[in-house]
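In the working numbering, the protein residues as written are 209 to 550.
Here a beta-carbon is modelled for each residue, glycine too, at the ideal position from N, C-alpha and C.
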């Protein structure tokens, strides 16, 4: 009899355990599904790390922001993933670079039937771009094409901020005040960074203000701050293997112009530029430039503003200038802190 009672108790306990497990599982599934569907914020897709960072700084948590090309990844050679197509087809606003910078993603965007607003931010912000040699597979060598690396001039960054803020205001009018305030904070900071960069470049001896990089990505920076661009291993795109003739020509040019230091880039294998340095008998900067996007999280280039500052430090120290860290004015800091966050 006792044995039977014990069995009944055990069966009852087991039944309760199974029931509770089923209920707990159902609740968990419900919570997961609720979490997946609770985010009713508009979906905004940004193709590159620079666009994504600026959009996040302006919009904060008011949108569901999805970034396609991660920091440290080269958009020139990026291969889209199935998730990218799904996001592009579902987004309510699509922000991309344009000028053929994020080429593979531009093709997806143009092919999408999604009626959402699609904005080529670089093209809208800088309608009269620099022109350079298009040496990738889409263009014949020497053909002049728009230089897409517009963000390396902070004044163009300011124009990009205005474009992004305007599109976000159209998407979410009730958040217009927040977007305007955040955009103005960024614009003020970028204006200060622009002045600071000019001061830093001025510390480089005039005869040493010469830049050689892995690919031709800093034309806007060179133009803005009075440097001389003495050459690169490839043109506007990294989607190119430099020829032996081009390497030889670059070595000769470095020697003839007495370039003191040449620069590798974070998103490009440094092996070739190191070979050039050995042949030309010059040094490669220990610090690499962020040329095609931001650095990974935790690096000194993981936001747009920090990237501009880090690149300037790299160039100034590499070319014999005197680097002074950037300090944001206290009145701007107080203004940023006073902004409403919701």
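Taking the alpha carbon of residue i as the point to measure from, which residue in the options has its own alpha carbon closest?
i, options, result
"residue 514", "529, 498, 528", "498"
"residue 323", "297, 339, 308", "297"
"residue 415", "363, 438, 426", "438"
"residue 465", "326, 476, 417, 403", "417"
"residue 270", "325, 377, 311, 305", "377"
"residue 536", "521, 523, 393, 462", "393"
"residue 275", "501, 409, 399", "501"
"residue 467", "528, 302, 398, 380", "528"
"residue 301", "519, 462, 254, 450", "254"
"residue 325", "338, 299, 473", "299"
"residue 494", "488, 425, 257, 518", "518"
"residue 252", "461, 335, 373", "373"
"residue 266", "369, 280, 450", "369"
"residue 398", "282, 511, 250", "511"
"residue 287", "280, 433, 312, 483", "312"
"residue 371", "335, 406, 401, 340", "335"
"residue 282", "474, 479, 522", "474"
"residue 421", "308, 523, 304, 303", "523"
"residue 386", "534, 268, 250", "268"
"residue 413", "436, 461, 353, 484", "436"
"residue 340", "423, 487, 406", "423"
"residue 477", "458, 441, 461", "441"
"residue 430", "462, 248, 362", "362"
"residue 366", "534, 516, 520", "516"
"residue 307", "407, 338, 277", "338"
"residue 407", "256, 285, 247, 521", "521"
"residue 405", "483, 433, 425, 303", "433"
"residue 426", "462, 364, 450", "364"
"residue 273", "289, 284, 249, 462", "249"
"residue 410", "258, 496, 284, 532", "532"
"residue 305", "480, 354, 504", "354"
Counting along the chain, where does the beta strand (DSSP E) carrying residue i start and finish?
i, result
"residue 412", "Looking at the DSSP string, residue 412 is not in any beta strand (DSSP E), and its letter there is neither H nor E."
"residue 420", "418-423"
"residue 596", "No information on residue 596 is available, as it lies outside the stretch 209 to 550 that the chain covers here."
Going by the DSSP bridge assignment, what does residue i pair with across the sheet?
i, result
"residue 439", "420"
"residue 353", "340"
"residue 491", "469"
"residue 497", "473"
Would you kindly report the start and end of the unbroken alpha helix (DSSP H) that includes residue i?
i, result
"residue 254", "Run containing residue 254: none in the alpha helix (DSSP H); it sits in the beta strand (DSSP E), 251-254."
"residue 383", "Careful: residue 383 lies outside any alpha helix (DSSP H) and carries neither H nor E."
"residue 263", "257-267"
"residue 429", "427-433"
"residue 450", "Here residue 450 belongs to no alpha helix (DSSP H), and DSSP marks it neither H nor E."
"residue 374", "362-379"
Any C-beta of chain D sitting closer than 8 Å to the C-beta of residue i?
i, result
"residue 409", "No chain D appears in the structure shown, which is made up of a single protein chain."
The stretch 248-267 contacting the stretch 452-459, beta-carbon criterion three pairs below 8 Å: No, they do not touch.
Meets three-Cβ-pair contact criterion under 8 Å: the stretch 311-325 and the stretch 284-302: yes
Those runs of the alpha helix (DSSP H) which lie wholly inside the stretch 461-488 and span at least 4 residues: 479-488
Whole runs of the alpha helix (DSSP H) within the stretch 503-527, excluding any shorter than 4 residues: Those alpha helix (DSSP H) runs which fall completely within the stretch 503-527 and span 4+ residues are 512-526.
Inside the stretch 298-339 only - beta strand (DSSP E) runs reaching at least 3 residues: 301-304, 325-328
Three CB pairs or more closer than 8 Å across the stretch 328-337 and the stretch 355-374: yes
Contact between the stretch 469-476 and the stretch 516-534 (3+ Cβ pairs under 8 Å): yes
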